Structure formats: structure tokens, C-alpha cells
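Novice: After the C-alpha cells below, expect a handful of questions from me.
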Amino acid sequence: MAVLTEEQSMLRDAARDWVREKAPVTAFRKLRDTGAPLGYDPAAFVEMAEMGWAGVVIPEAYGGSEFGYLSLGLVLEEMGRTLAASPLIASSLAAASALVIGGTEAQKQAWLPKIAAGEAVATLAVDEGPRHDPLQTGLTAETAGGGYTLTGAKTFVLEGMAADLFVVAARTSGKPGEAEGITLFLVPADAKGLTREKRALADARGYAALSFDGVAVGADAVLGEVGGGCPLLEKTLDRARAGLAAEMLGMSVQAFETTLDYLKTRVQFGQTIGSFQALQHRAAKMFTELELTRSCVEAALTAIDTDAADTPQAVALAKAAAGDTLHLVSREMVQMHGGIGMTDAHDAGLYMKRARALETTFGSTAWHRDRWGRMAGY
Amino acid sequence: MPDFGGDAETFRVEAREWLVQNFPPSMKGVDLAMTVDEPIGDAKLWKERMGQKGWGVPTWPTEYGGGGLSSAEARILQQEMAKIGARNPIGGMGVMMFGPTLLEYGSDEQKQRHIPPIVRGELRWCQGYSEPGAGSDLAALQTKAEDKGDHFLINGQKIWTSGAQYADWCFCLVRTDPNHKHEGISFVLIDMRTPGIEVRPIKLISGVSPFCETFFTDVKTPKENLVGPLNGGWTIGKRLLQHERNGLGGGGGSAGRFGSGLPLEQLAKDYVGVDDEGRIADSDLRGRIIRHQMEAKAFMLTLARAMAESKGNSSPSAATSIMKNVGSKVGQDRAELAVEIMGSQGLGWEGPGFKPDELEQVRNWLGGKATTIYGGSQEIQNNIIAKRILGLLDHQ
């Protein structure tokens, strides 16, 4: 654990207590089993926002606490432990970051206070295919009467069924594969010509596919630079990726602790299975990977907070490390629990499904490794 | 540069001034700590000055000749030395393992006698732990020490005694009670010049002999050389192992040491070539180099985090086992990759046709295989993690 300030320790403890009381795994299971339309409980998100968690990276002038990404990471880690569902990453972290970094005063005034208060949910609409690749943006934005007309599709949009606002990556020039020509737009969910459809994935969250059928927006909908939106998008995505890594770390820690408890209580051949060396060494391996991953995640969040030059590398490392470790731990959670781990009644499957979904979101482990190598010049 | 506050910054000025006056510029980048030959000229001068000042062991107490610095001051000293390329000339097992252990468990007389020569780098120590029948199961050791009134009479054999052929003294685990396994072990100090000691170097797969077999035949060591209580050596011996693991896994340990100076990606570009986009031409190799480099970075971040969390106190903890395992694995992976990258040229054993870097690489690759065996093997470290950190039970 990083050396925390007193305020950070209090924030983490508050999140831990709240999650255990209000959002245990059973709460997520109930959402899944009842087919909750948004993929999370809006009443629970209101409570989270009341505690200030929706405004952690938003400046005070816009209703936030500007407490920083390491601080928000502490909350996300606790959420990850119990698979607590909320739009914290999509809205309070990702979309909020895009607005804080690239928004005009009017755009910030319009949306940040609502996001900080949990009254509005915003999210990024970037990918158009099953694998993350922002440069492949093909949704077109053509100039029309002083504004733009957006045509195309986005898919697997996080919290897409709940969002009031989409931060949409569109192409104002160039062609898919090029960085130049990407422009970000703020598009309200009720814009004419915009429709959405739920995409039910194995992790039972609120993903949506969006269709833009000649959606007209004003020039004031442009977030950042026309045609030069790529750096802003990358900065925003890196913040989201670091947040995902924090959630993944929390999930890994809990999956490991639950498994360790089982190793200490399950008796076979007259002794606890945790006394078998084959399992002990696998437990030691998992613990070692967790320690390494924690270092990477904290370093990435700290790099963002200090605006370090190597933030993209630090984030790629954190996302990749968290991806590998979460797969390792969630697979072992199923395997070490044996038959019971294969049942829907047990939590292990929930962790394993969510692990896959998070690993592929905003760049898989392999994608981030390749990216890391490119940034290192080889 | 972090701001350590007023007093610390005063110390920075003091350290800088002392180094200007005492560090011979010819010693820039020269590492004397592990050399076997007696230093001469500027090397001798630098070692003597650091020894007198006690800054080779900056945090050890001044009453035994140490530097008496706080952890923060020691870090500043390290930074100032790094700036001018000054390497610490005081090192070896006395500094890394035995000194810290003796400071914790030794009597005042023992500390007065043995610590100052370590501080000045005058005496070399070796480690009498493993035996042919006691490797991972160290407590099975049989080298016997019989109580003969004013001295112990020692008979038996040690193995893998690093640097025994150059050592002046040996810290040794011996059996003083055959009826109790762990509670029958004592920690004694033996002068390597005592009659009855025979040292035979062991040639390793890398072609060098860093380890020895050491035979003890009716060797006498005075009772005053018992550290801690009789039959109480296991606790002390384990503590020393923690210092060893800490040193082996730490920043100066195996992770950084094995492999030639060039970064792997540069080696790969030189030996394998690049594609149209400037990437390493062999995509499978490129992927594995990236994976390795990221793991090495994660390891360095974890070392830094452990330091920050312990507030600069670098004494070993249970997590030391993690560092030892990861550090040794990263070092071995690096050496494997380097040899693979260089192809046949990376297997040059001796003679013409090979650059010094290439000849060094093959020895490093082979020599590095010891890092997951010595200081408690990888498997033993995993046992320690499972039992001491995770609280899993012994198999019944």
C-alpha cells in the first residue's frame, strides 16, 4: 500500500465500510438476477455521490474535491473487491477527465457539477468493434450549417444504457487508422437520431451499442480541438485505464483472500488442502503477483496525479499487470474451489467473467504490452 | 530531488565537501567491494578514507566505527556518491549479512572486536551454513562442535562456502546437541587460519569457482566465539538469512547484476535487426523482451514501494522472500534472453572471434542459475511466503 495521507486513509476506510455494508457481492448478484436495466443500482450510486466519490477528480469550482486519481483509485479498489456496480469509472473518472482536461468553461459548467453530484451519467463512446482501437474511429462528423452531423455506430459503451451524455470520438477528416482527423463531441443521450440497444455480456453490466443516424450537433459540442482530438482522447483513456486497473487490483485481492480462506478451511485426506505444497506454492505465486501489480497500479495513478512524462508507459504497465494477475487469480479461484467453484451459486464465476470484460476494455493486456514496446522504441 | 528539510540539506553540503576532498577521481566507476586483491594506490586510499569515516556502512553505530547516519542521511550520501561516480569500496558478507546480525545478537566484546575491521574493510567473512546433507533442509546440519571446557572442538564438512579460499573468518552453524534438531544448533565464529581447516574450491558450470568445500578436522575455536546462547543459533542463523535474501533480491542484487551492460532491446536491434517500422524483427522475441522488461519495471517499482512504506528503514521483512524470488527470476530471464538474442555468438566460451561482452554473457547466464538456489531456493522462499505471510499450515 502506498504511503497515504490521513485524508486518503479516511476515504479508503469509508469506501471499505460502505461497500461491505451496502454493496456486497450479494447486491451485485441480485442486480444480475433481476435483470436490472442499467446494470447498477441508481439509488446506491446516489449514496456514493453523496459521499463525494463522484467528484474526486473534479475541481472544487465545479462541485468536486479535486482529490486526485490515487484517491479515486482507493475507492475503485474497494468497489472491485465486491464487484460493486456503478458508473464511477465511466462517468466520474473517464468522461469527467475528458471535460476537465479538454472542456470549455461553458462545457464544464454545464456538465461537471451534475457529474460530481451523481445527477448526470456521462461516458466515453470510442470503440466501433469488439477490440479496442481508438485510431480505427470511423464514425463521421460532417460540417452542416455551422455545426456537425454525426453518422455511424459505437459499441460496448460502458454504462451506455444509463448515460445522459456521450463523449463521442468521431472523424472530421482522414481515414480509420490515422490519428489526425479525430474529434471529440459531447452528445446528449436524447439527441435526435441517436438510438441505443443493450449488449448483455457475461459480466452482466450496462453496455450499449449506439447508432448515430445523422445526429445534428452545434459547433459548441466539440470537445477540444477539431481534428486534433487524439491526444485528449489518449489522456482521457489512460485515466480510465488506470482506474480499471485499480478496480482489477481490488477484485484480485478479494478473489485471492476468498481462495486463501478456502485453502485454510477445506479438509481432504484428513487435513486442510492449504497444507499441500502444490497449492501453497501457487498461493505464494499469486501473492507475489499481487504485490507487483499493486506497485504498478499505484505508480500509474501517482504518475497521473503528478503529470509525469512517462504516464502512458506507467498506465500500460498497470493495465497489463492487472490483466495478467486478475486472470491468474480468478482462474485459480475456480480451480482451487473445485466443483463448488463451477457453480453459479459461488462467487468465483462472477470474478472470472468480470476479469475477462475488464481485461478487454480500453486495451487488452497484449495491446498494452505492444503499446509499451512501441513507446520504448522497439 | 526530494526535499529532506533543513538538517538533511546541511548534511548534503557536508557530504559533498567531504567527497570532494577525499574521493580520488581515478576511482570513478570502480567497484572495489567484491575484489579479491589487496587494493593499491588510489584504491587503497579511497578504501582507507571511507573505512575511517565509517561511511561504507553509513547507518551502523559510531561506537563500533560506523557512520552513525540516519536512513535519510545515508540516502543523501548515496545520491552524492552516485553523482560523482563514487562506488562504495566496503562490502562483502561482513557488511551484507554478518555485521547487521552481530550488531543485533552479539555481546559488546564481540562487537568491539569484529565490527570495526568490517567497517574498515580489513577482514573478509565467509558463511559456513550448507552441508552435503543439509541444503534446503539446513537444520539437518551435522558439523559437530563439542564442548571442551574453554573451547569447542569442531568436526565436519561445509559446502557452498562462498569465498572461503579468501576469507579470514567464518560464521558457522554447528550442532551442539544431537537430540534436538533446531534447538541443537549454535552460531560460532571460526578463524580460518586455525589448524585443521581445509578449503577446496568447486568448479561450477560457468567455469569459475566462487564456492568451496570446507573441511573441519579437530578445529578448536575459543568459547568466546559463541554468538548468542548455546543451542540458540537457529534464530540468529535465520535472521542472517533474511539479511542475505534482502541483499540478493535488492536493487544491487541479482536482478541488476546478471547480464551485459547493454539494454536487451538494443542488443536485439544489433543482433536480430528491425522491421520496416523499427520494431525488433523477430515478433515472438520482441513480445518476450517486452514482457520481461515490464516485469523488471514492476520489480523495481515494488522495491521502491517497499522502501517508501518502511520509511527508508531497509531492514528485512517477511516480504523479503518475494523480492528474492522475483529479483532472481528477472535476472535469469534477462540472461536467457541475452544469450538467445546473440545466437551462437552469445555462446562464445573463450579465445578469438568473441567480444568481451559476449564472453561475459555466457558466464553470466550460467552463473546466474545459482541465484534461485542459494540464499534459500525459490521453493524454500515459496514455503516461507505460504507459511509465514499467508498463514498456511504445515503438511501433517
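Protein chains in written order, with the working numbering: chain A, 39 to 416; chain B, 3 to 398.
For glycine and all other residues, C-beta sits at the position ideal for the given N, C-alpha and C.
Note that this is a predicted model, so its numbers are computed, not measured.
Using 10 angstroms around the beta-carbon of Leu49(A), count the other beta-carbons present and answer buried if the total reaches 16, otherwise exposed.
Specialist: Answer is buried; the Cβ neighbour count reaches 16.
Novice: Go through its chain and collect everything with a Cβ distance to Gly267(A)'s Cβ below 6 Å, but skip five positions before and after it.
Specialist: Correct list, in chain order: Ile220, Thr221, Leu222.
Novice: The alpha helix (DSSP H) with Thr296(A) in it runs from where to where?
Specialist: First-last of the alpha helix (DSSP H) with Thr296(A): 268 to 303.
Novice: Once you ignore the five residues that flank Gly255(B) on each side, which residues in its own chain have a CB closer than 7 Å to its CB?
Specialist: Low confidence applies to Gly255(B): its pLDDT is 43, below 50, so where it sits in the model is not reliable, and the reading given next is rough at best. Once the five neighbours on either side are set aside, the close Cβ partners of Gly255(B) are Gly249, Gly329.
Novice: Are the C-beta of Leu364(A) and some C-beta of chain B separated by less than 9 Å?
Specialist: No - not a single Cβ of chain B is within 9 Å of the one on Leu364(A).
Novice: May I have the straight-line CA-CA distance separating Thr373(B) from Arg365(B), to the nearest angstrom?
Specialist: In a straight line, the C-alpha of Thr373(B) is about 13 Å away from that of Arg365(B).
Novice: Quick check: is the beta carbon of Glu289(B) nearer than 9 Å to any beta carbon in chain A?
Specialist: Per the sequence presented here, residue 289(B) reads as Gly, with Glu not at that position. Yes, Gly289(B) lies at the interface with chain A (some Cβ there is under 9 Å from its Cβ).
Novice: Could you give the first and the last residue of the continuous alpha helix (DSSP H) run that contains Gly61(B)?
Specialist: It should be pointed out that residue 61(B) corresponds to Thr in this sequence rather than to Gly. Looking at the DSSP string, Thr61(B) is not in any alpha helix (DSSP H), and its letter there is neither H nor E.
Novice: For Asn181(B), count neighbouring Cβ atoms within 10 angstroms of its own Cβ and tell me buried if that reaches 16, exposed if not.
Specialist: Asn181(B) should be labelled exposed.
Novice: Sorted by chain position, which residues of the same chain lie with C-beta nearer than 7 Å to Phe83(A)'s C-beta, five sequence neighbours on each side aside?
Specialist: Here the set comprises Ser124, Pro125, Gly156.
Novice: Would you report the Cα separation of Gly141(A) and Leu173(A), rounded to the nearest angstrom?
Specialist: Whole-angstrom Cα-Cα distance: 21 Å.
Novice: Please report whether the beta-carbon of Glu11(B) lies at a distance below 9 Å from any beta-carbon of chain A.
Specialist: Cβ-Cβ to chain A under 9 Å: no for Glu11(B).
Novice: Within the continuous alpha helix (DSSP H) that includes Ala306(B), where are the two ends?
Specialist: Its alpha helix (DSSP H) spans residues 285 to 311.
Novice: Should the region 143 to 152 of chain B be regarded as contacting the region 173 to 188 of chain B, the criterion being three or more beta carbon pairs within less than 8 Å?
Specialist: As far as the Cβ criterion goes, the region 143 to 152 of chain B touches the region 173 to 188 of chain B, which means the pair count is three or higher.
Novice: Less than 9 Å separating the beta-carbons of Leu355(A) and Ala337(A)?
Specialist: For Leu355(A) and Ala337(A), yes; Cβs fall inside 9 Å.
Novice: Residues in the same chain with beta-carbon distance under 7 Å from Glu370(A), minus the five sequence neighbours each way, listed in chain order, please.
Specialist: Only Thr297, Arg320, Met324 meet the Cβ criterion.
Novice: First and last residue of the beta strand (DSSP E) that includes Gln159(B)?
Specialist: From DSSP, the beta strand (DSSP E) with Gln159(B) extends over 153 to 164.
Novice: Does Phe307(A) pass the burial test, meaning 16 or more other C-beta atoms within 10 Å, or should it be called exposed?
Specialist: Classification of Phe307(A): exposed, given that the 10 Å Cβ count is below 16.
Novice: By DSSP, does Gly183(A) sit in helix, in strand, or in coil?
Specialist: Of the three classes helix, strand and coil, the one that applies to Gly183(A) here is coil, per DSSP.
Novice: Does the beta carbon of Val41(A) sit closer than 9 Å to a beta carbon anywhere in chain B?
Specialist: Closer than 9 Å: yes.
Novice: Using CA atoms only, rank isn't needed, just tell me which of Phe250(A), Gln145(A), Arg332(A) is closest to Val260(A).
Specialist: Of the listed residues, the one whose Cα sits closest to Val260(A) is Gln145(A).
Novice: Look at the Cβ atom of Thr163(B), then the Cβ atom of Glu200(B), and state whether they are nearer than 9 Å.
Specialist: No, the Cβ-Cβ distance between Thr163(B) and Glu200(B) is not below 9 Å.
Novice: Is there at least one Cβ from chain A nearer than 9 Å to Asp33(B)'s Cβ?
Specialist: So, not an interface residue.
Novice: Can you tell me whether Trp405(A) is buried or exposed? The criterion is at least 16 other CB atoms within 10 Å of its CB, across all chains shown.
Specialist: So Trp405(A) counts as buried.
Novice: In chain B, what lies closer than 7 Å to Gly411(A) by C-beta?
Specialist: Residues of chain B passing the Cβ test: Arg288, Ile292.
Novice: Using only the alpha-carbon positions, how far apart do Lys55(B) and Arg126(B) sit?
Specialist: Each residue's alpha carbon lies about 19 Å from the other.
Novice: Using a C-beta to C-beta distance shorter than 7 Å, which residues of chain B count as neighbours of Ala337(A)?
Specialist: Those are Leu303, listed as they occur along chain B.
Novice: Can you round the beta-carbon distance between Arg277(A) and Ser135(A) to whole angstroms, since I take them to be within the 8 Å contact cut?
Specialist: That pair is a contact at about 4 Å.
Novice: For the alpha helix (DSSP H) containing Ala155(A), list its first residue and its last residue.
Specialist: Unbroken alpha helix (DSSP H) run through Ala155(A): 143 to 155.
Novice: How about the region 109 to 128 of chain B and the region 233 to 244 of chain B: do they share at least three Cβ pairs that are nearer than 8 Å?
Specialist: Contact fails: fewer than three Cβ-Cβ distances are below 8 Å.
Novice: Tell me which residues share the same chain as Arg18(B) and place their Cβ nearer than 6 Å to its Cβ, disregarding the 5 neighbours each side in the sequence.
Specialist: Glu82.
Novice: Starting from the beta carbon of Glu329(A), find every residue of chain B whose beta carbon is closer than 8 Å, and list them in chain order.
Specialist: The contacting residues are Thr304, Ala321, Ile324.
Novice: Examine chain B for any beta-carbon lying closer than 9 Å to the beta-carbon of Asp202(A), and answer yes or no.
Specialist: Answer no: the Cβ-Cβ gap between Asp202(A) and chain B never drops below 9 Å.
Novice: Please work out which residues of its chain come closer than 7 Å, Cβ to Cβ, to Leu71(B), disregarding the five sequence neighbours upstream and downstream, and give them in chain order.
Specialist: Excluding sequence neighbours, Leu71(B) sits near Pro60, Thr61, Leu79.
Novice: Would you mind telling me which residues of chain A sit closer than 8 Å to Asn384(B), beta carbon to beta carbon, in chain order?
Specialist: Residues of chain A passing the Cβ test: Gln318, His319, Ala322, Lys323.
Novice: So Arg202(B) is in the alpha helix (DSSP H); what residue range does that whole segment cover?
Specialist: Looking at the DSSP string, Arg202(B) is not in any alpha helix (DSSP H); the run it does join, the beta strand (DSSP E), is 199 to 204.
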